[in-house]
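Undergrad: The structure under discussion is supplied below as structure tokens; questions concerning it will follow.
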Amino acid sequence: MISPGKTIGVLGGGQLGRMLAQAAQRMGYRVHIYEPAEHCPAGEVAASEVNAAYTDEKALKEFARRVDVVTYEFENIPVEPLWKIEKLTTLRPHWGVLEVCQNRLREKQWLKKNNFPHVPFADVEAGGDVLAAVARVGRPCVIKTADFGYDGKGQLKIKDDASLTQAVKAFAAQHAVVEKWVDFKCELSVVVARTPKREARAFPVSENIHTRHILDFSIVPARVSSAVAHEAEQLAMAIAHKLEVVGLLAVELFLTDRGDLLVNELAPRPHNSGHYTLDACATSQFEQHVRAVCDAPLGDAGLRSPVVMVNILGDAWAKSEPDWEAVLSEPRAKLHLYGKKEARPGRKMGHFTIMADDVETALARARELKAKLYREA
Ligand code: ADP
Ligand code: MG
3 MISPGKTIGV
13 LGGGQLGRML
23 AQAAQRMGYR
33 VHIYEPAEHC
43 PAGEVAASEV
53 NAAYTDEKAL
63 KEFARRVDVV
73 TYEFENIPVE
83 PLWKIEKLTT
93 LRPHWGVLEV
103 CQNRLREKQW
113 LKKNNFPHVP
123 FADVEAGGDV
133 LAAVARVGRP
143 CVIKTADFGY
153 DGKGQLKIKD
163 DASLTQAVKA
173 FAAQHAVVEK
183 WVDFKCELSV
193 VVARTPKREA
203 RAFPVSENIH
213 TRHILDFSIV
223 PARVSSAVAH
233 EAEQLAMAIA
243 HKLEVVGLLA
253 VELFLTDRGD
263 LLVNELAPRP
273 HNSGHYTLDA
283 CATSQFEQHV
293 RAVCDAPLGD
303 AGLRSPVVMV
313 NILGDAWAKS
323 EPDWEAVLSE
333 PRAKLHLYGK
343 KEARPGRKMG
353 HFTIMADDVE
363 TALARARELK
373 AKLYREA
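Under our numbering, the very last position in the sequence shown is 379; numbers go up by exactly one each time.
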């Protein structure tokens, strides 16, 4: 076990790295952050911050030598430099996990090969035939870039001829995946932790509402039957075992109108939909990640209260400074801000959670507080 007092290196310095660093420090670990951009949210709270490119092998090796284990909070890191880190220190999750999860096509092919339920898809190589792929999958569908997509960036829904023409033009030179459009009842996600000793534990299933492709609300417990919740947890655990993840794995799912679960995306790191665990679970996803990558026993992932998490986007600053007092005056709400200086539309600046005796009450209160915070009410 990598004991408290040792040093954890984190690749990526966003809010996930910040909350990870805070959880690790509380347990007595030191945290070093590696992040290309200066003044990052995680660097502000960590013991040290290195600003260098992910392709800078010299800087990466130096970073690896100074820490006891390396983990990441971000998928879009080139894997080649990571092979070299793996020779110098322990990298968790191992680079093969990152290689599968950072590219939509590899991820879908991996799910298919291992018989996990997924959305029907077709591959379009750069310069390839978008029309043929759309014909194979059928309309409506959605085309997504294979690499570097997040928060709905690099995606286009194709229903009519106009959107098809637009897609052919926009995706002419990019490697992409065409996916069948899923009419879903709801979106769910499960965050699981797995240790080197193969102990695995799932956090309660979250029901996620996206607005303009960005997570807006996470509702826990998800409003699905206990059979569906159990199936989602088992599916996520099975994927984590098959991928041999050490650390966290977040599994995004669609619950279809017919009641089937389909895997949408995998993320081998803390996940936005798991932020509720900070306030509503006995152990947070961040602490659980620290425990897993340090080969410590996992903590209790049980839910202490029904909860709703609301993302605070840069849009909240559109009119003026958000109404913090509205959230802070609610005794069962918790505010989390990430220390980002510039509020751009769509940028994740923070989140708040609201606990209540049942999720419907929490959700109604969350919507009210969000409207006040954004000064729309
Ligand atoms: P990312 O989160 O990396 O931007 P996702 O593939 O998760 O990309 O897409 C973002 C959101 O867009 C999903 O959470 C979902 O709401 C919607 N979406 C994506 N793919 C589909 C699909 N095939 N059918 C229906 N909705 C989709
Ligand atoms: Mg997603």
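Cβ atoms here follow ideal geometry from the backbone N, Cα and C, with glycine treated the same way. Predicted model, so just to flag it, every value in this text is computed and none were measured.
Mapping DSSP to helix, strand and coil, what is Phe288?
TA: In the structure shown, Phe288 sits in a helix (DSSP, three-state: H, G or I).
Undergrad: What number of angstroms, rounded off, separates the C-alpha of Ala137 from the C-alpha of Cys143?
TA: 10 Å
Undergrad: Does the segment 242-251 come within contact of the segment 220-233, defined as at least 3 CB pairs closer than 8 Å?
TA: no
Undergrad: Measuring only from the beta carbon, is Glu189 closer than 6 Å to any heavy atom that is part of the ligand MG?
TA: no
Undergrad: Just to confirm my understanding: we take Tyr36, look at its own chain, exclude 5 residues before and 5 after, and list those with CB closer than 6 Å. What are they?
TA: Leu13, Val52, Phe65
Undergrad: Is the beta carbon of Asp262 within less than 6 Å of some heavy atom of the ligand ADP?
TA: No, the Cβ of Asp262 stays beyond 6 Å of every heavy atom of the ligand ADP.
Undergrad: Which of helix, strand or coil does DSSP assign to Gln104?
TA: coil
Undergrad: Excluding the 5 residues preceding and the 5 following His291 in the sequence, name in chain order all residues of the same chain whose CB lies nearer than 8 Å to its CB.
TA: Leu22, Ala25, Thr73, Ala195, Gly249, Leu250, Arg271, Pro272
Undergrad: So does Gly151 have its beta carbon nearer than 6 Å to some heavy atom of the ligand ADP?
TA: yes
Undergrad: Quick check: does the Cβ of His212 come within less than 6 Å of any heavy atom belonging to the ligand ADP?
TA: yes
Undergrad: For Gln157, which beta-bridge partners are listed by DSSP?
TA: Lys146
Undergrad: Alpha carbon to alpha carbon, what distance is there between Leu300 and Ala48?
TA: 23 Å
Undergrad: For Ser220, which beta-bridge partners are listed by DSSP?
TA: Asn210, Met311
Undergrad: Nearest to Asn210 by CA position, among Arg293, Val310, Asp185, is which residue?
TA: Val310
Undergrad: Rounding to the nearest angstrom, what Cα-Cα distance links Glu289 and Glu254 in this structure?
TA: Between Glu289 and Glu254, the C-alpha separation is close to 21 Å.
Undergrad: Do you know whose CA, among Tyr278, Thr9, Gln157, lies nearest Thr91's CA?
TA: Thr9
Undergrad: Run through DSSP, which three-state label would Gly14 get?
TA: coil
Undergrad: Whose CA, out of His120, Gln287, Leu62, lies closest to the CA of Ala204?
TA: Gln287
Undergrad: Going by C-alpha distance, which of Glu77, Asp131, Val222 is nearest Thr279?
TA: Val222
Undergrad: Can you tell me where the alpha helix (DSSP H) holding Lys63 begins and where it ends?
TA: 59-67
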